[in-house]
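I have placed the structure first, in the form of structure tokens, so that the comments after it can refer back to it.
2 protein chains.
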Amino acid sequence: MTPTRIKLDRGRGALGPALELVHTGRAPTRAVLTTELGVTRATAGAVATELQALGLITVDPRPHAASGAQGRPSHRLDIAPDGPVVLAVQVHADGYRVALVGLGGRIVATAPACMTVDADPARIIGDAVTAGAELLHATGRRCLGAGLAVPSAVAEPEGTALNPLHVAWPAGARVHDIFRDCLTEAGIGVPGRCGNDVNLAALAEHRHGAGQGAQHLLCVATGHRGVGGALVLDGRLHTGSAGLALEVGHLIVDPAGRACHCGARGCLDVETDPLALLETAGVTPDPARSPLDQARALLAGDHPEAAAVADAVAQLVDRLGQGLAAMVNVLNPDRIILGGLHQSLLAAAPDRLRSVVADRSLWGRSGSVPILPCSLGHNSLVGAAELAWQPVLDDPATVLAGG
Amino acid sequence: MTPTRIKLDRGRGALGPALELVHTGRAPTRAVLTTELGVTRATAGAVATELQALGLITVDPRPHAASGAQGRPSHRLDIAPDGPVVLAVQVHADGYRVALVGLGGRIVATAPACMTVDADPARIIGDAVTAGAELLHATGRRCLGAGLAVPSAVAEPEGTALNPLHVAWPAGARVHDIFRDCLTEAGIGVPGRCGNDVNLAALAEHRHGAGQGAQHLLCVATGHRGVGGALVLDGRLHTGSAGLALEVGHLIVDPAGRACHCGARGCLDVETDPLALLETAGVTPDPARSPLDQARALLAGDHPEAAAVADAVAQLVDRLGQGLAAMVNVLNPDRIILGGLHQSLLAAAPDRLRSVVADRSLWGRSGSVPILPCSLGHNSLVGAAELAWQPVLDDPATVLAGG
DNA sequence: TCACTTTGTGCAGCGCCGAAACAAATCCGG
DNA sequence: CCGGATTTGTTTCGGCGCTGCACAAAGTGA
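These protein sequences, in sequence, are chains A and B.
Per the working numbering, the first sequence starts with residue 1, numbered consecutively.
Per the working numbering, the second sequence starts with residue 1001, numbered consecutively.
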């Protein structure tokens, strides 16, 4: 016997694109959905009805709060408040975070952040997934998928984490397999997908943050150590042929710079990270505090020698600008988003950074590339959720029926 | 009255992909077409019938030359020998080339190459298009489009050629508009599209040459002066948000290197071009001959001091490898193709180049990225034709009916 | 109150494809 | 030389997903 599938003779092929529009906030009403999808009102209506039947959205027939426009007001489309969610996990240098994330990138529930570091990836991921299972049980929400963000490149299609890892895991850890095993062990029968944290942050920013509307979005972020990059092309993450694209940490930005473990000198990685800022400003790092925190404190003015800090900022901004210019010349993005310390550097000297990028990238035109800070709080976590939502956005009916 | 369109109730949506398979030589028979398209034999049959009706292919019911396999032999699909063509024009530093190119990238007819240099883009493009019109008249073939390759970045969507131009044209020449005007003036009522020569060469290599089957193809080539790059992603040219992607000439590959007009030192552009080879080998350039020819003569052993040449080659290969490694870290391609002088450098020291790229790119894995020479003769010209064929590949029925 | 504008819905129809049955062409084994 | 086995091409039927159209519904403005 065939499963009891919603019978509708319209609106299956356009279902995914429609859900994506609602998901990214670009379809507040049915009328907008019609124009954005480029279909007839009949089709858009059938699509909305089916998405509602699937429990993903709600349709509010009441007028859209006196829009002021002429004609019959369009029905509002809202993300179902008690709809399904996905499990999102982010592992970082100091622990992990777990959350349930609904459509629209909205964090529905969060487990207390864990701040312990464990050298065994199976244990830390297992703990996180267990916390997620408890969250699911407590909220009673249906779970459609799971995503994991790790601070390392993830090789495709094997799903192994590669050096340099910014957690104390063994190189080549098969995070994809581990994540899947943990999910089945915890009784969460959903597929799990893994990705690099900066990549996923870029995806989240593109869908719900400062990257909305960009066609070619470049995202660069420095965390505690090392630089990560990501590229979103036409709404899709570009991870290269083996998942190793945008490993931009070793572009040379200062020929006479610091020695890097890669063998070269003046890599972006060692020239623009928190330790470089501390060192350039003449501050001895306090091993008890994270370098990122100390660097941010410096930028916040928490230092007696303001001139030394300003000089250090100028130097790092120049190096960063050089690296960004190289990426602009290679990728020609139409927007750049910075995270981590790079975001703070942008805030400290926006004009200097923009002019360096403009000068160093060809044609001068590139000076018009907008450089913006991240706008989402836990963008890697939301990005992990995006990874989990992707199959639903691609084919909502099948995924919903499969559960 | 509706136009007399071929009436078929099957095979319209799959028509484009099917033609692309035939075009790239991946569908020699109807059976292969069926499996490659992932459709039923019924659909593939209808598609083949319609492509035949459109005059694009011929179906040969005779057996495929005793294939040896069991079962009924599949019908062969061939590109129609007298089918439509496109007009391809390539402008380079020394003149222009014109050809008619059929499906499959086959050059059907060529006008005598022009070797005069003209500072007026309208005149040189106009001459080329006139030569193309004569070719069309002489052969009597139907023309479906026109493509132009220029040795400069082409800004999208304005279609202007940008500095550095490697012909003596004014910066910002509106080549797209000029090309279109020339086409209408010559009585060729087809749309014209323009692109950078290296980009188009990469497209041609991906479809018909050494790049076949690559998902993420990186192409780097040096011509007479300056380095060009191109990236083909999933069969589509990636030109960035404004057509300026892969302007890789100003990646820094030698901190202590030559001064470049961009203001930096040791750019890939000035470190790996023919003049750099001559200079490093201690040869005074002969202004009467092209630097590329002299450099190639050097590589061919046409020089008394072989040791100096070998040292120069080693140095340029190291610089090139450094630049390629940076691109590998940013783009993670699964194949690299080199053209121009870079191709000759690869031939001269393949192992050295590959090991430099492997050492300088992260993970060591990248050492497995195949680096190959170009395999097509006039790849920019064929690439210009690809540009013109693209609308046909996207929707054959509409383009064929529109004429 | 009556146009006018815009939006939602039901119905007919059609393009495009899959499933299945049938026909054709070749190889293989006797 | 002759029947299976195997693979391929063709025909027919039906369904899915959409468009186009007509009509109803819900607001604004004179």
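C-beta atoms are modelled at their ideal positions from N, C-alpha and C, and glycine is treated no differently.
Check	Outcome
Distance CB(residue 166(A))-CB(residue 97(A)) smaller than 8 angstroms	no
Spatial neighbours of residue 136(A) in its chain, beta-carbon cut-off 6 angstroms, leaving aside the 5 residues before and after	143
Close-in-space but distant-in-sequence residues of the same chain around residue 1349(B) (CB under 8 angstroms, 5 per side omitted)	1313, 1314, 1317
Validate contact between the stretch 1207-1223 of chain B and the stretch 1320-1337 of chain B using beta carbons, cut 8 angstroms, 3 pairs	yes
Minimum C-alpha distance to residue 1122(B) - residue among 1310(B), 1186(B), 1385(B), 1138(B)	1186(B)
Straight-line gap, residue 362(A) to residue 369(A) (C-alpha atoms, nearest Å)	12 angstroms
Candidates 351(A), 92(A), 259(A), of which the one nearest residue 151(A) by Cα	92(A)
Proximity below 8 angstroms, CB of residue 195(A) to CB of residue 149(A)	yes
Selection from 1174(B), 1116(B), 1373(B), 1082(B) that minimises the alpha carbon distance to residue 1106(B)	1082(B)
Residues of its chain near residue 1424(B), where Cβ-Cβ distance is below 6 angstroms and the 5 sequence neighbours each way are ignored	Look at the range of chain B in this structure, 1001 to 1403, and you will see that residue 1424(B) is not part of it.
Of the residues 289(A), 328(A), 271(A), the one placed nearest residue 1244(B), counting alpha carbons only	328(A)
Contacts that residue 1332(B) makes with chain A (C-beta to C-beta distance below 7 angstroms)	240, 241, 242, 244, 245
Sufficient close CB pairs (3 or more, under 8 angstroms) joining the stretch 1248-1259 of chain B to the stretch 1269-1283 of chain B	yes
Pairwise C-alpha distance: residue 184(A) and residue 102(A)	21 angstroms
Pairwise C-alpha distance: residue 1295(B) and residue 1344(B)	9 angstroms
Chain A contact for residue 1248(B) (CB, 8 angstroms cutoff)	yes
Sequence-distant residues of the same chain with beta carbon closer than 6 angstroms to residue 324(A), five excluded per side	357
Contact set between residue 336(A) and chain B, taken where Cβ atoms lie within less than 7 angstroms	The premise fails here: residue 336(A) is roughly 11 angstroms from chain B at the closest Cβ pair, so nothing lies under 7 angstroms.
The stretch 1199-1208 of chain B in contact with the stretch 1378-1392 of chain B per 3-pair CB rule at 8 angstroms	yes
Residues of its chain near residue 1132(B), where Cβ-Cβ distance is below 6 angstroms and the 5 sequence neighbours each way are ignored	1087, 1098
4-residue-minimum alpha helix (DSSP H) runs that sit fully inside the stretch 48-125 of chain A, ordered along the chain	none
Cβ of residue 1252(B) within 8 angstroms of any chain A Cβ	yes
Three-state class that DSSP yields for residue 1366(B) in the structure shown	With a pLDDT of 49 at residue 1366(B), under the threshold of 50, the modelled position of that residue is not reliable, and the figure given next carries that caveat. Note: residue 1366(B) maps to helix in three-state DSSP.
Closer than 8 angstroms to chain A by CB, residue 1370(B)	no
Option in 73(A), 110(A), 23(A), 74(A) with minimal Cα separation from residue 89(A)	110(A)
Cα-Cα separation between residue 1061(B) and residue 1077(B), rounded to whole angstroms	9 angstroms
In DSSP terms, what residue 232(A) is bridged to	217(A), 237(A)
Buried versus exposed, by CB contacts within 10 Å (16 or more), residue 284(A)	exposed
Beta-carbon proximity check, residue 1309(B) vs residue 1298(B), cutoff 8 angstroms	yes
Residue 182(A) in three-state terms, based on DSSP	helix
Candidates 1258(B), 1025(B), 1168(B), 1263(B), of which the one nearest residue 1275(B) by Cα	1258(B)
Contact belief for residue 1340(B) with residue 1222(B) at Cβ below 8 angstroms, rounded distance in angstroms	4 angstroms
C-beta atoms of residue 139(A) and residue 200(A) nearer than 8 angstroms	no
Rounded separation between residue 27(A) and residue 47(A) - CA only	12 angstroms
Inter-residue spacing [alpha-carbon to alpha-carbon] between residue 1320(B) and residue 1390(B)	32 angstroms
Rounded C-alpha distance that separates residue 1366(B) from residue 153(A)	With a pLDDT of 49 at residue 1366(B), under the threshold of 50, the modelled position of that residue is not reliable, and the figure given next carries that caveat. Between residue 1366(B) and residue 153(A), the C-alpha separation is close to 14 angstroms.
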